[in-house]
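In my numbering, the protein residues as written are 882 to 1524.
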């Protein structure tokens, strides 16, 4: 038989499925009460309902709840060891499992109060950027027991249902070092349904004491994984027997099987090839799970509000972080917020100018404004746009120019009104299409990458990469573009490739202001991701040629032409140092250790010399300096900074 719990105006009702209709039991009968009586009485109650004259309810129109909406307990087991091997491999660890996995049928307790029905919307766990599903099968206990043998435990299973273990992977990884079990990474939601199917209906699918049911998981219609529940390493009888040691199991207790290998997102993650990853779940995604003999779940994922922040406690065993002070001279106080840098021209500054702490700009005309860049996360961008409303309330933002593709200048795009026209160089738009998904940057906060972990946590720990949907430009240009912003002329020029594949600057001639994007780092070290370096040096000359007296860098305090000259001097110094090391026959790795930063050693993030030397060595002799991915280069920078 197939049993359901469904919602009515008068409350939940229990029914048994006959054909395409639900045959209800009396309004005061709950499924937990029924299954506690045992299989024979459950069958008798079902047969009586099927024979009853009470009107049946069309299954298609019913709002199904979880068959057991509030189980006494929910234990999620880890019966498929290949799932664990795949997860370890995905997060950069060996596939080899600790011996304990082969000796203990592990489980953890999930949250009964967050059980949802088979078609309910599911809210992303607050603060999570890595939300995942897991296709499992669950066994539900009928008459309870204690100290059961595996054979007795199998007899206590009254039915089976589909189990979706919704998981916040980033929260799970953040909590893992505590080593006290699952917490906020796992209690956001658990789906059960659509039916509770009695064991007799599944008898044809039994193989060697296990249910062998074909399963498939889809997101937005695309298959993520498929498999067979017959691949369980630990049987339901074994895990239930283990759980019953010294413990009374009661009617309605739920035991999840653990994930059928391949039927979740995390198993498809590759830190070495992030582009191949299908992506974490986002607002509006539709997850469908199908299990042979048990039915089909279909649920839409929804965004959640951010969590209330909690300040970390002081760690007496951790040395205080090295002080970070941007010592560059500035025309204006280098403080967080909106600063007027010219007539109706403002800069939004975020000290100290290191990773992610970028600047943006606002140019206002008579009846319209132009925004230059957004920020690294939604919270930061919302703060900036809110502060700008004293201007944009009367002169709304109608256009936004993106100086380049990096996330700390683009991630907030989605917060702009849909009528705002976003403009970027053609190559910037192309790079944005192939950038790492924003939520993958959460890896810097939660993944243990060895000795460099503290570097990544310190540099990226302040940002929230959840909920970001990258909005691409509406209009692209090549070379130069002149805009009319409420009667003011604004010139946009692509001076790249240099920092990235395209680097735009925004010149406001009547105010003598230039927004330089990341062609200019002031008091902090430039980083040449794309190059060639000669192109960046030429870009410095072109910026100087504009005659602008006030320069807003992508990072660091507001400056003047001397700030441009300082960056030009640094890049020239890098070329001189790299060319000299190469002429001496030093390898790239040897050059990193031998370079003399001279006056530039005091600039923030001086370790970026690693990337800059690598780029110059690639320009001099590609065969002698193989291409390295960003993660490898970032790790090398971390090692230099921590040494």
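Ideal Cβ positions, reconstructed from N, Cα and C, are used throughout, including at glycine.
Unbroken beta strand (DSSP E) run spanning residue i, endpoints
i	result
residue 1395	1394 to 1402
residue 904	902 to 905
residue 1513	Premise fails: residue 1513 lies in the alpha helix (DSSP H), 1511 to 1523, not in any beta strand (DSSP E).
residue 1326	Careful: residue 1326 lies outside any beta strand (DSSP E), inside the alpha helix (DSSP H) at 1324 to 1327.
residue 1356	1356 to 1358
residue 1352	First-last for residue 1352: undefined, no H or E at that position.
residue 1469	Here residue 1469 belongs to no beta strand (DSSP E); instead the alpha helix (DSSP H) covers 1469 to 1475.
residue 1361	1361 to 1366
residue 1251	1250 to 1253
Residues bridged to residue i [DSSP beta-bridge criterion]
i	result
residue 1180	1168
residue 1388	1372 and 1395
residue 1103	1100
residue 991	955
residue 1302	1280
residue 1012	1049 and 1162
residue 1044	1017 and 1073
residue 1432	1395 and 1440
residue 1241	1229
residue 1405	1485
residue 1218	1230
residue 1003	1182
residue 1087	1092
residue 960	DSSP lists no partner for residue 960.
residue 888	893 and 944
residue 1223	1226
residue 997	1072
Residue environment, residue i, which counts as buried when at least 16 other CB atoms sit within 10 Å
i	result
residue 1190	exposed
residue 1245	buried
residue 1206	exposed
residue 1167	exposed
residue 1243	buried
residue 1061	exposed
residue 1221	exposed
residue 1411	buried
residue 990	exposed
residue 1233	buried
residue 998	buried
residue 1462	buried
residue 944	exposed
Span of the alpha helix (DSSP H), counted from its first residue to its last, around residue i
i	result
residue 1415	1414 to 1426
residue 1050	1050 to 1056
residue 982	981 to 984
residue 1030	No alpha helix (DSSP H) contains residue 1030, which DSSP labels as neither H nor E.
residue 875	The displayed coordinates of the chain run from 882 to 1524. Any statement about residue 875 would go beyond what the structure contains.
residue 1495	1490 to 1501
residue 1334	1334 to 1341
residue 1344	Per DSSP, residue 1344 belongs to no alpha helix (DSSP H) and is neither H nor E.
C-beta contact flag for residue i and residue j at 9 Å
i	j	result
residue 1291	residue 1351	yes
residue 1409	residue 1328	no
residue 1141	residue 1013	no
residue 1448	residue 1414	no
residue 1023	residue 1092	no
residue 930	residue 962	no
residue 1137	residue 1253	no
residue 1431	residue 1393	yes
residue 992	residue 1068	yes
residue 1034	residue 933	no
residue 1488	residue 1519	yes
residue 1256	residue 1268	no
residue 1100	residue 1178	no
residue 1002	residue 957	no
residue 1284	residue 1398	yes
residue 953	residue 1134	yes
On the three-pair Cβ rule with 8 Å, is the stretch 1151 to 1165 touching the stretch 980 to 987? no
Is the number of C-beta pairs between the stretch 1384 to 1404 and the stretch 1191 to 1199 that are closer than 8 Å three or more? no
Spell out a yes or no on whether the stretch 1257 to 1276 and the stretch 1294 to 1303 are touching, meaning 3 or more CB-CB pairs, one atom from each, closer than 8 Å. yes
Would the stretch 1018 to 1032 and the stretch 1121 to 1131 be scored as touching if the rule is three or more Cβ pairs under 8 Å? yes
Between the stretch 1333 to 1344 and the stretch 1357 to 1369, can you find at least three pairs of beta-carbon atoms closer than 8 Å? no
Segment contact flag, the stretch 1169 to 1183 with the stretch 1032 to 1051, C-beta cutoff 8 Å, min 3 pairs: yes
Given 8 Å as the limit, is there contact between the stretch 940 to 950 and the stretch 1073 to 1086, that is, 3 or more CB pairs closer than that? yes
Mind the definition here: the stretch 1495 to 1504 touches the stretch 1309 to 1324 only if three or more C-beta pairs lie below 8 Å; say whether that holds. no
How do the stretch 912 to 923 and the stretch 1102 to 1112 stand: do at least 3 beta-carbon pairs fall below 8 Å, yes or no? no
Between the stretch 1420 to 1437 and the stretch 1467 to 1479, can you find at least three pairs of beta-carbon atoms closer than 8 Å? no
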